[in-house]
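In the working numbering, the protein residues as written are 4 to 567.
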């Protein structure tokens with residue numbers, strides 16, 4: 004009965020962190036928007052083999068993330084909840100695997116602590132709320148590690164592990180297989196167990212890996228000349244050596260980033276890491292290797308993005324869970340640590356509440372209203388009050404786990420406002436602009452992005468968008484239809500003068516290029532504005548021209564009868 008209660012508690016906490024308001028905010032630029040958009044286009048084109056971005060072929064990543072996101076659309080509709088639903092599901096699966104790994108390596112108590120730590124890490128919360136390859140890669144790497152540890156301890160079959168790294172190759176190319184093979188290989192070398200490789204089902208496993216991973220690569224490379232070279236050189240080696248694909252950062256980038264990804268447990272994971280080194284055994288060595296290898300490999304790469312080192316989080320959570328488990332055997336020490344944690348987190352919560360009171364968009368009326376702000380503060384008071392009660396009960400009954408739950412509640416108090424207000428927060432989403440265009444545009448109207456590329460716009464306007472002066476990789480196109488979607492600014496100005504209705508997304512800083520041109524404002528958000536070349540059922544007095552005059556715009560104003 005006690006195990007059932009703990010299991011139900013963990014499941015409830017996990018579902019809350021993973022699914023709460025998962026669809027409350029628009030697609031985030033650029034990663035979240037890009038993967039969600041490609042999956043949506045797969046459904047629209049009925050082509051689940053060739054990824055398209057804005058209806059132009061896009062081979063930057065293998066298809067698993069697009070497939071699972073498209074399945075979410077089929078289950079829940081073409082919306083943000085559908086796009087992110089399987090993030091929550093695979094996040095939950097990952098948490099279960101971390102519990103099983105911690106229990107396998109240490110004991111059930113460590114499993115509970117490790118799970119609670121991982122659930123509430125900023126990096127894990129982030130990766131489970133943004134559509135990308137990183138969470139799915141994390142799950143399959145964690146599954147492979149679990150299968151390996153079971154094999155190492157009990158001689159269990161490794162075929163599920165081989166299958167896991169096979170699917171990981173469909174998630175993010177060779178990254179998953181390389182990480183798993185290096186970590187497990189080094190572990191066998193340093194623990195002097197290389198002779199056990201003959202029991203690792205390498206023959207059957209390799210066949211299974213190839214059957215899962217290679218068919219898609221073989222098909223697309225066979226039908227697109229030069230794609231194999233593109234995968235190897237541009238998408239793999241260029242990221243490692245030159246950073247020409249984008250996002251180059253210095254070698255110490257992840258040293259600065261890791262504390263943020265492990266927040267709010269950063270200060271408490273370091274002792275666990277150090278303790279594992281001082282009191283080294285086979286289990287701790289395995290988790291240390293798992294944490295260190297991805298960190299070093301990705302630090303050596305020229306291309307760096309925050310979620311690349313997400314595979315480090317499960318082993319760090321497990322080592323931290325082991326340390327917390329041992330700390331709670333000393334009540335006086337644990338009480339001091341909890342007090343310090345409460346002071347730090349309460350300070351952060353106070354700052355967060357103050358920040359929420361500041362207008363989110365300076366110079367505009369688009370702020371969180373006072374009534375909403377009061378509800379936020381009451382929510383914070385409720386959580387902090389509940390935490391205090393938990394601590395009193397924990398102190399009275401000397402229940403160690405309740406101390407930990409209280410700290411988890413404080414973590415929730417910090418994160419809950421970020422999810423509660425969704426698009427009202429100053430996040431990088433332009434859902435409102437896309438919905439404004441969709442509201443007013445007829446089916447034959449053209450949607451243009453002028454010298455900017457918002458990846459989610461086709462998703463919200465339900466059609467391709469024409470890009471002005473934006474380069475795209477077109478070497479794998481079968482025909483020249485893509486040229487209708489990629490034009491230069493001279494062609495755009497010819498279109499603008501025609502009778503056909505055009506909706507145009509423009510950076511506000513480039514609006515001066517429309518001086519002397521007739522246009523009408525449809526909507527705006529943050530740094531972008533939507534304009535059109537024809538009135539939306541308005542009087543001529545509403546027409547806006549730039550003939551040396553300046554006009555003030557109301558944020559989000561729809562210039563149409565009955566608009567907002």
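Each residue gets a CB set at the ideal place from its N, CA and C atoms; glycine is no exception. Note that the structure is predicted; figures quoted are calculated from it, not measured.
Handout entry: Between the CA atoms of residue 116 and residue 267 - distance to the nearest angstrom
Key = Inter-residue distance for residue 267 and residue 116 is about 14 Å (C-alpha atoms, whole angstroms).
Practice task
May I have the straight-line CA-CA distance separating residue 229 from residue 63, to the nearest angstrom?
Solution key: Cα to Cα, residue 229 sits roughly 14 Å from residue 63.
Exercise for the section: Write down the C-beta distance between residue 109 and residue 325 rounded to the nearest angstrom, noting that I regard them as a contact closer than 8 Å. Expected result: Yes, they are in contact, since the Cβ atoms of residue 109 and residue 325 sit about 6 Å apart, within 8 Å.
Exercise for the section: Could you round the C-beta distance between residue 460 and residue 508 to whole angstroms and report it? I think they count as a contact, below 8 Å. Expected result: About 6 Å; that satisfies the 8 Å criterion.
Practice task
Could you tell me which residues DSSP puts in a beta bridge with residue 528?
Solution key: Residue 528 pairs with 531.
Problem - Contact set for residue 472: own chain, Cβ-Cβ below 7 Å, skip 5 residues either direction - result: Cβ within range, chain order: 454, 491, 492.
Exercise for the section: In the DSSP assignment, find the unbroken alpha helix (DSSP H) run with residue 464 in it and report its ends. Expected result: Annotation: the continuous alpha helix (DSSP H) that includes residue 464 extends over 460 to 464.
Handout entry: Reference residue 143; option with closest CA among 123, 99, 122, 51
Key = For residue 143, the nearest C-alpha among the options comes from 99.
Practice task
Using a threshold of 7 Å, state whether the C-beta atoms of residue 312 and residue 289 are closer than that.
Solution key: Taking a C-beta distance under 7 Å as the contact criterion, residue 312 and residue 289 do not qualify as a contact pair.
Handout entry: Spatially closest choice to residue 307 from 258, 458, 469, by CA coordinates
Key = The alpha carbon of residue 307 has as its nearest neighbour, out of 258, 458, 469, the alpha carbon of 258.
Exercise for the section: Report the rounded CA-to-CA distance for residue 49 versus residue 465, giving the unit in angstroms. Expected result: Roughly 15 Å between the two C-alpha positions.
Problem - Buried versus exposed call for residue 157 [16 or more other C-beta atoms within 10 Å across all chains shown] - result: With fewer than 16 Cβ atoms within 10 Å of its Cβ, residue 157 is classed as exposed.
Exercise for the section: Answer yes or no: do residue 309 and residue 260 have a C-beta to C-beta separation smaller than 7 Å? Expected result: A contact, by the Cβ cut-off of 7 Å.
Exercise for the section: Determine the closest residue to residue 322 out of 119, 92, 24, with distance taken between C-alpha atoms. Expected result: Nearest of 119, 92, 24 to residue 322, Cα basis: 119.
Practice task
Starting from the Cα of residue 10, find the closest Cα among 23, 103, 32 and give me that residue.
Solution key: Between residue 10 and the set 23, 103, 32, the nearest pair of CA atoms involves 103.
Exercise for the section: Could you give the DSSP three-state label for residue 64: helix, strand or coil? Expected result: Collapsing the DSSP output to three states places residue 64 in coil.
Handout entry: Run of the alpha helix (DSSP H) containing residue 255, from where it starts to where it stops
Key = Unbroken run through residue 255: none, as it is neither H nor E.
Exercise for the section: Mind checking who residue 55 pairs with in its DSSP beta bridge? Expected result: Paired residues: 60.
Handout entry: Backbone secondary structure at residue 308 - three-state DSSP
Key = Residue state for residue 308 is assigned as coil, using DSSP reduced to three classes.
Handout entry: Option in 479, 481, 487 with minimal Cα separation from residue 470
Key = The candidate whose alpha carbon is nearest that of residue 470 is 487.
Problem - Exposed unless 16 or more other CB atoms sit within 10 angstroms - verdict on residue 515 - result: Exposed is the call here.
Handout entry: residue 528 vs residue 436 beta-carbon contact at 7 Å
Key = Against a cut-off of 7 Å, the Cβ pair of residue 436 and residue 528 comes out as a contact.
Handout entry: At least three beta-carbon pairs within less than 8 Å, the stretch 30 to 42 to the stretch 147 to 164
Key = Cβ pair count under 8 Å is below three, so no.
Problem - Pick from 139, 196, 159 that is closest to residue 178, judged by C-alpha positions - result: Looking at 139, 196, 159, the one whose alpha-carbon comes closest to that of residue 178 is 139.
Practice task
With DSSP as the reference, label residue 506 as helix, strand or coil.
Solution key: Strand at residue 506.
Handout entry: Any 3 or more C-beta pairs closer than 8 Å across the stretch 206 to 224 and the stretch 269 to 277
Key = Too few Cβ pairs lie closer than 8 Å, so no.
Handout entry: First through last residue of the alpha helix (DSSP H) which encompasses residue 184
Key = It spans 178 to 193 - the alpha helix (DSSP H) in which residue 184 sits, taken as one unbroken run.
Exercise for the section: Identify, in the order they occur along the chain, each residue of the same chain with its Cβ nearer than 6 Å to the Cβ of residue 532, setting aside the five sequence neighbours on each side. Expected result: Here residue 532 has 509, 511 as same chain residues with Cβ atoms under 6 Å from its own Cβ, once five neighbours each way along the sequence are excluded.
Handout entry: Three-state secondary structure (DSSP) of residue 69
Key = Three-state result, residue 69: helix.
Practice task
Excluding the 5 residues preceding and the 5 following residue 209 in the sequence, name in chain order all residues of the same chain whose CB lies nearer than 8 Å to its CB.
Solution key: Spatial neighbours of residue 209 in its own chain (CB-CB distance under 8 Å, excluding positions within 5 residues in sequence) are listed in chain order as 165.
Handout entry: Test item: CB-CB of residue 317 and residue 136 under 7 Å
Key = No, they are not a contact pair.
Practice task
Go through its chain and collect everything with a Cβ distance to residue 484's Cβ below 7 Å, but skip five positions before and after it.
Solution key: Shown here for residue 484: not one same chain residue has a beta carbon closer than 7 Å to its own, the five before and five after excluded.
Handout entry: Cβ neighbour criterion (16 or more within 10 Å) applied to residue 447
Key = Exposed.
Exercise for the section: Could you spell out where the beta strand (DSSP E) holding residue 453 opens and where it closes? Expected result: Segment 449 to 453, the beta strand (DSSP E) holding residue 453.
Handout entry: DSSP-derived helix/strand/coil call for residue 360
Key = Bear in mind that a pLDDT of 46 at residue 360, under 50, signals an unreliable position, so the number given afterwards is only what the model happens to contain. Residue 360 sits in a helix when the DSSP states are folded into three classes.
Handout entry: Three-way DSSP call (helix, strand, coil) for residue 313 in this model
Key = Residue 313 sits in a helix when the DSSP states are folded into three classes.
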